[in-house]
Amino acid sequence: MRGCWIWIIPIAALASCEPHAPEQPEKQTTQAPVNQVAAVIALPPGQREGVFFRAIRDADLDCQEIKTVEQLAPEGGAQQWRVTCEDRVPHLISIPPQGPAIVTSRTAPRS
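Under my numbering, the first residue of the sequence shown carries the number 926, and numbering increases by one thereafter.
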């Protein structure tokens, strides 16, 4: 009989718990589109070069240090920059207002 009380107390404690209310899914909020070109232009030169360096490296191209950055005229709604690395290889970086950076280069990607 004593063993029966050992089970009754935890069961009674659990029975007194209230069921959890179903979780409400979070409302999906849509954010206004970010103008990527304006965001890059607003960066200080060192951070802007960091964005260009990361874009070149993400394109699987060699670049150890950015030597020069030249802003070019927009083409097809995308702002363009000519970025030259330490190996004097120029890369064209094009950033459309709503899209990612596009890197065009005459060099082959790293293997």
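Note that the Cβ used here is the ideal one computed from N, Cα and C, for glycine as well. Predicted model, so just to flag it, every value in this text is computed and none were measured.
> Which runs of the beta strand (DSSP E) spanning at least 3 residues fall entirely within the stretch 981-1022, listed in chain order?
Replying inline: 991-1000, 1003-1010 and 1015-1020
> Nearest to Pro958 by CA position, among Lys952, Leu997, Pro1022 and Ser1030, is which residue?
Replying inline: Pro1022
> Smallest Cα separation from Gly975: which of Val1008, Thr954 and Arg1013?
Replying inline: Val1008
>> Quick check: the Cα distance between Thr1032 and Thr955, rounded to an integer number of angstroms?
In response: 39 angstroms
> Helix or strand or just coil, what does DSSP make of Val959?
Replying inline: coil
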